[in-house]
Amino acid sequence: METVTGEVVQWSGDEGWGALRSSAVPSDVFVQFSDLETAGWATLSIGQRVEFQVEHYLRGQDEYIYRAHRIRILR
1 METVTGEVVQ WSGDEGWGAL RSSAVPSDVF VQFSDLETAG WATLSIGQRV EFQVEHYLRG
61 QDEYIYRAHR IRILR
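Here full-length UniProt numbering is used: the first residue of the sequence shown is 1, the next is one more, and so on.
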């Protein structure tokens, strides 16, 4: 999997999922709370910069065909 940087473009804290956008990926990327790498509780916010591994997700999730793993919040 390729590691890229991008930003949060959608986030539902109640449901624990959202979307990331990176110029290195042709469309938005699905993200789940469980894929956040943090040393405690964390959440994402729209506009926040992140680094993540991206996978072409063949079976898809809603309209997303890419999925994020190992998401790290950039400070």
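Each residue gets a CB set at the ideal place from its N, CA and C atoms; glycine is no exception.
Keep in mind the model is a prediction, meaning the values are calculated, not measured.
Taking only three categories from DSSP, how would you classify residue i?
i   : result
S34 : helix
E15 : coil
With 16 other CB atoms within 10 Å as the buried threshold, where does residue i fall?
i   : result
A24 : exposed
A39 : exposed
I71 : buried
D62 : exposed
D28 : buried
G18 : buried
Could you tell me the alpha carbon to alpha carbon distance between residue i and residue j, rounded to whole angstroms?
i   : j   : result
G60 : S34 : 17 angstroms
F30 : E7  : 12 angstroms
R49 : E37 : 14 angstroms
A68 : A42 : 16 angstroms
L58 : S45 : 27 angstroms
M1  : P26 : 15 angstroms
Give me the Cβ distance between residue i and residue j, rounded to the nearest whole Å; I'm assuming they're in contact under 8 angstroms.
i   : j   : result
L74 : T5  : 7 angstroms
E55 : Y66 : 7 angstroms
G47 : Q32 : Actually they are not in contact, since the Cβ atoms of G47 and Q32 sit about 19 angstroms apart, beyond 8 angstroms.
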